[in-house]
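S.K.: Input: one structure, supplied below.
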Amino acid sequence: MNLKRLRYYEGSFFLIGWLLIFLWGADFPPPIGFLWLLPLLLVLTVLQDRQLRFLARRIKRQPTFFKNFLFFLLGSFVLALLTASLQTASFAPRLIWILVVTSVGSLYGSLFLLINRWIIPKLP
55 MNLKRLRYYE
65 GSFFLIGWLL
75 IFLWGADFPP
85 PIGFLWLLPL
95 LLVLTVLQDR
105 QLRFLARRIK
115 RQPTFFKNFL
125 FFLLGSFVLA
135 LLTASLQTAS
145 FAPRLIWILV
155 VTSVGSLYGS
165 LFLLINRWII
175 PKLP
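For the sequence shown, counting from 1, position 49 maps to 103 in my numbering; every step adds exactly one.
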């Protein structure tokens, strides 16, 4: 496997995986607003691919945990702020939403790094 194939697999897994997670948590049939998730997931997939390209060049020769964690922390925080601004709920539910999305994004970023730290050195 090469880096291009790894990027394709990870992007596909991310896109399909998160879409299935969102569908699992949604009502059936999903509300019409659910359609906004697909473009959002596509943008996030592109951002993840860019981060993987960044990591692939550096993961073998320099510490990348803090930079990767900061990237996912800030990215998930911005995403949480944007989606919270679309809500009509009061302050407390919005704050909970921001904390949950930021926490999940940070955890996902840490797992993303650990998985790639294990896979990338094995690539040709």
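All residues carry an ideal CB built from backbone N, CA and C; glycine is no exception.
These figures come from a predicted structure and were not determined experimentally.
Starting from A143, follow the alpha helix (DSSP H) in both directions and report where the run begins and ends.
M.R.: Stepping through the sequence shown from its first residue, residue 143 is reached at position 89. No alpha helix (DSSP H) holds A143; DSSP gives it neither H nor E.
S.K.: Assuming L135 and I152 make a contact with CB atoms under 8 Å, what is their CB distance in whole Å?
M.R.: To locate residue 135, count along the sequence shown from 1; it is residue 81. To locate residue 152, count along the sequence shown from 1; it is residue 98. Confirmed, Cβ separation roughly 7 Å.
S.K.: Over the uninterrupted alpha helix (DSSP H) stretch that includes Q105, give me the two end residues.
M.R.: The residue given as residue 105 occupies position 51 in the sequence shown. From DSSP, the alpha helix (DSSP H) with Q105 extends over L91 to R112.
S.K.: Between L69 and V158, what straight-line distance do the alpha-carbon atoms span, to the nearest angstrom?
M.R.: For the purposes of this step, residue 69 is identified with residue 15 of the sequence shown, where counting begins at 1. For the purposes of this step, residue 158 is identified with residue 104 of the sequence shown, where counting begins at 1. So the two alpha carbons sit approximately 16 Å from each other.
S.K.: Roughly how many whole angstroms lie between the Cα atoms of G65 and R107?
M.R.: Position 11 of the sequence shown holds residue 65. Position 53 of the sequence shown holds residue 107. If you take the alpha carbons of G65 and R107, they lie about 12 Å apart.
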